[in-house]
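A.B. asks: Residue numbers (the working numbering): 22 to 329. Cβ atoms here follow ideal geometry from the backbone N, Cα and C, with glycine treated the same way.
1) What span of residues does the beta strand (DSSP E) with residue 232 cover, start to end?
2) By the DSSP assignment, the beta strand (DSSP E) with residue 307 in it spans what residues?
3) What span of residues does the beta strand (DSSP E) with residue 84 cover, start to end?
4) For residue 9 and residue 279, I'd like the C-alpha separation in whole angstroms.
5) Would you report the Cα separation of residue 132 and residue 89, rounded to the nearest angstrom?
6) Thinking C-beta only, is residue 294 closer than 7 Å to residue 145?
7) State the DSSP-derived secondary structure class of residue 148, mapped to helix, strand or coil.
8) Within the chosen definition, does the stretch 299–307 reach the stretch 75–83 through at least 3 CB pairs nearer than 8 Å?
9) Taking 7 Å as the cut-off, decide whether the C-beta atoms of residue 202 and residue 171 are in contact.
10) For the beta strand (DSSP E) containing residue 253, name the first residue and the last one.
11) To the nearest angstrom, how far is the alpha carbon of residue 105 from that of residue 99?
12) Looking only at DSSP bridge pairs, what is residue 120 linked to?
13) Between the Cα of residue 258 and those of 103, 147, 314 and 312, spot the shortest distance and give me the residue it belongs to.
14) Tell me, please, which residues DSSP counts as bridged to residue 215.
15) Use the C-beta contact count for residue 216: other C-beta atoms within 10 angstroms, 16 or more gives buried, fewer gives exposed.
16) Between 69, 120 and 127, which lies nearest to residue 103 when the distance is taken from Cα to Cα?
17) Rounded to the nearest angstrom, what separates residue 45 and residue 167 at their Cα positions?
18) Mind checking which residues open and close the beta strand (DSSP E) that includes residue 173?
19) Could you check the C-alpha separation between residue 141 and residue 313 for me, to the nearest Å?
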């Protein structure tokens, strides 16, 4: 989408990808993990087609900002390989780290990687929950009543710490992204929801997107009244196990507190932010202002403070 913005007293034409949030720089955007949707041997062809179109058909743009993508992704490699041919200026900077679990052996072998005390604590807390009521984990792969499921998830978030100190699933910044996502994927094999219930009350959820051999943990939360029972880790444990049983090779834990996610013994991945500047005088000047004079980092910091 070509949008016109005003910076430094002159108009700039920016090619912008649709974002699920008003705050487009958020690490919660999904594009960083969707690189695998293009088959590995087709990245070069796909990118060449896009860049050729930008060069020959859409000539009046100044810059593109890609959502953060894997530092070693095929898209980024192809972009570097083609930039000289298309005469675009490219600026790349490291922005954050993410985590993923790789299933390269048996489930039992994965369990041996986890701290024994951590696994014992999960079992202990699960047994405590079973003493106060009927505790169970529900796995939903097909959503018959999306509004009912979404309503249950919202109620959990309202009772969670995210309602006051975090970003809840119904936050205005998401612009109904998750509701639309669940609605559109409800009858596909691409969505998986894990719910923790005690008696008839749902106390935790975990929304997972899956495609090809990869599963991605999109959003998770729990009722703060059950915080001391570690219900968040319990539902995560069973969901990770279920994803393994379904035959997926990778489980992405997404961004957030890397130290907190380290209990799952994940691999750490690096993500880069990418700018593509057109071969025009105004575009080159903008590149100089943004990155040589570091004005972009200043704008990004201001945006972060405004929307968080």
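C.D. replies: With the given structure in hand:
1) Per DSSP, residue 232 belongs to the beta strand (DSSP E) from 222–232.
2) No beta strand (DSSP E) contains residue 307, which is instead part of the alpha helix (DSSP H) from 302–308.
3) In the DSSP assignment, residue 84 falls within the beta strand (DSSP E) that extends over 84–91.
4) In the structure displayed, the chain extends from 22 to 329; residue 9 sits before or after that span and is not available.
5) If you take the alpha carbons of residue 132 and residue 89, they lie about 31 Å apart.
6) No, Cβ-Cβ distance for residue 145 and residue 294 is not below 7 Å.
7) Three-state result, residue 148: helix.
8) Yes: at least three Cβ pairs fall under 8 Å.
9) Not in contact: residue 202 and residue 171 (Cβ atoms no closer than 7 Å).
10) Here residue 253 belongs to no beta strand (DSSP E); instead the alpha helix (DSSP H) covers 252–266.
11) Their backbone Cα atoms lie some 11 Å apart in a straight line.
12) In the DSSP output, where bridge partners are listed per residue, residue 120 has 275 and 289.
13) Out of 103, 147, 314 and 312, 147 has the C-alpha closest to the C-alpha of residue 258.
14) The partner list for residue 215 (beta bridge, DSSP) reads 160 and 227.
15) Under a 10 Å Cβ-count criterion, residue 216 is classified as buried, with 16 or more other Cβ atoms of the shown protein chains found around its own Cβ.
16) The alpha carbon of residue 103 has as its nearest neighbour, out of 69, 120 and 127, the alpha carbon of 69.
17) Only weak support exists for where residue 45 lies, its pLDDT of 43 falling under 50; the coordinates are left without a value.
18) Premise fails: residue 173 lies in the alpha helix (DSSP H), 167–179, not in any beta strand (DSSP E).
19) Going by C-alpha positions, residue 141 is about 52 Å away from residue 313.
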